[in-house]
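Quick note: the sequence shown uses the numbering used here, first residue 1493, plus one each step. The beta carbon of each residue, even a glycine, is placed where N, CA and C say it ideally should be. All of these numbers come straight from a predicted model, not from anything done at the bench. Inspection log for the structure reproduced underneath, given as structure tokens.
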Amino acid sequence: MAATSKAQCAKCEKNSGILTCDGCLVKFCRRCFNDHRQDLSKELDNVVYEHDMVKQQLETPNENDCHNLFKQIDKWKKDSIDKINQLADQCRTDVVKLLDKNKDRLMDRFLKITNRVRKGTDDEDYDERDLSKWINDLKELKDELIESSNFRVEEDKQQSSWIQKITVHEDFRDQLKAKDGNL
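Put into structure tokens, the structure is as follows:
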């Protein structure tokens, strides 16, 4: 009879490999096979733990501050508000400059009215028409001081992309994977 050579245990290399693991197709002796099964049992415990963690996340209601998509939306909102605040500050600065410039122009008109009133008073050379004209001029000046008619604030309808609109989309590839159960 011919002697048959037995395969050695892949783990300890001392004993004969009499049992083969169907998963990894490695031959083990009885003792190493039992150790291998214990290692697999520990790995199964890890799988069960990860499974339970994913299940817990799936069962927990979505919270607005934890998901990355919500963080992206919040960042867009903050950046957009910052842009609006910067533009509003710039517009306020521009309005102050225009008001100052307008006030200087109005002051010149006021001084001219003042000179005419003083001259009329000093010369005692005025009548009802002059008084009416001076009152009208002062009223117009006062109205322009309160509400300037030579400038205004308006929206630029042409620049719609100043604040980028965001939208939420579902990736088509992920939909296919979910249908196939590969996700």
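(request) Quick one: residues in its chain with C-beta nearer than 6 Å to the C-beta of K1595, no 5 flanking neighbours on either side, listed in chain order? (result) Here residue 1595 is taken as the residue at index 103 of the sequence shown, counted from 1. Answer for K1595: no residue qualifies.
(request) Could you tell me the distance, in whole angstroms, from the CA atom of L1536 to the CA atom of F1562? (result) Sequence index remark: in the sequence shown, residue 1536 carries index 44 (1-based). Sequence index remark: in the sequence shown, residue 1562 carries index 70 (1-based). For L1536 and F1562, the distance between alpha carbons rounds to 34 Å.
(request) Can you give me the Cβ contacts of L1532 inside the same chain, cut-off strictly under 8 Å, excluding the 5 residues immediately before and after it? (result) Stepping through the sequence shown from its first residue, residue 1532 is reached at position 40. Once the five neighbours on either side are set aside, the close Cβ partners of L1532 are G1515.
(request) State whether the region 1608 to 1618 contacts the region 1564 to 1572, with contact taken as three or more CB pairs (one from each stretch) at a distance under 8 Å. (result) no
(request) Could you tell me whether the Cβ atoms of L1598 and L1637 are closer together than 8 Å? (result) Within the sequence shown, residue 1598 is the residue found at index 106, counting from 1. Within the sequence shown, residue 1637 is the residue found at index 145, counting from 1. Cβ distance < 8 Å, so L1598 and L1637 count as in contact.
(request) Tell me whether C1504 is buried or exposed, calling it buried when 16 or more other Cβ atoms sit within 10 Å of its Cβ. (result) To locate residue 1504, count along the sequence shown from 1; it is residue 12. It counts as exposed.
(message) Tell me the rounded alpha-carbon separation between V1539 and K1498.
(response) What you label residue 1539 is simply residue 47 of the sequence shown in a count that begins at 1. What you label residue 1498 is simply residue 6 of the sequence shown in a count that begins at 1. Straight-line Cα distance between these residues: approximately 35 Å.
(request) Below 6 Å CB to CB, which residues in the same chain sit around C1501 once its five sequence neighbours on both sides are set aside? (result) Position 9 of the sequence shown, counted from the start, is the residue given in the question as residue 1501. Counting only Cβ-Cβ distances below 6 Å, and skipping sequence neighbours, we find N1507, G1509, F1520, C1521, C1524.
(request) Measure the alpha-carbon distance for N1628 versus D1635 and round it to whole angstroms. (result) Counting from one through the sequence shown, the residue named residue 1628 turns up at place 136. Counting from one through the sequence shown, the residue named residue 1635 turns up at place 143. When rounded, the distance between both Cα atoms is 10 Å.
(request) Would you kindly work out how many angstroms separate the C-alpha atoms of K1593 and K1631, rounded to a whole number? (result) Taking the first residue of the sequence shown as position 1, residue 1593 is located at position 101. Taking the first residue of the sequence shown as position 1, residue 1631 is located at position 139. Computed Cα separation, rounded: 20 Å.
(request) Give the DSSP-derived three-state secondary structure of S1624 in the structure shown. (result) As a first step, residue 1624 is located in the sequence shown; it is residue number 132 there, counting from the start. S1624: helix per DSSP, three-state reduction.
(message) Using the three-state DSSP reduction, which class does Q1500 fall into: helix, strand or coil?
(response) Numbered from its first residue, the sequence shown carries residue 1500 at position 8. Looking at Q1500 - three-state DSSP - the assignment turns out to be strand.
(request) To the nearest angstrom, report how far apart V1588 and F1643 are at their CA atoms. (result) One-based indexing of the sequence shown puts residue 1588 at position 96. One-based indexing of the sequence shown puts residue 1643 at position 151. Each residue's Cα considered, the two are about 12 Å apart.
(request) Determine the direct distance from the alpha carbon of L1579 to that of D1586, and round the result to whole angstroms. (result) Translated into positions along the sequence shown, residue 1586 becomes position 94. Translated into positions along the sequence shown, residue 1579 becomes position 87. Near 10 Å, if we compare the C-alpha coordinates of L1579 and D1586.
(request) Confirm, please, whether the CB-CB distance from V1645 to W1748 is below 8 Å. (result) Outside the shown range of the chain (1493 to 1675) lies residue 1748, about which nothing can therefore be said.
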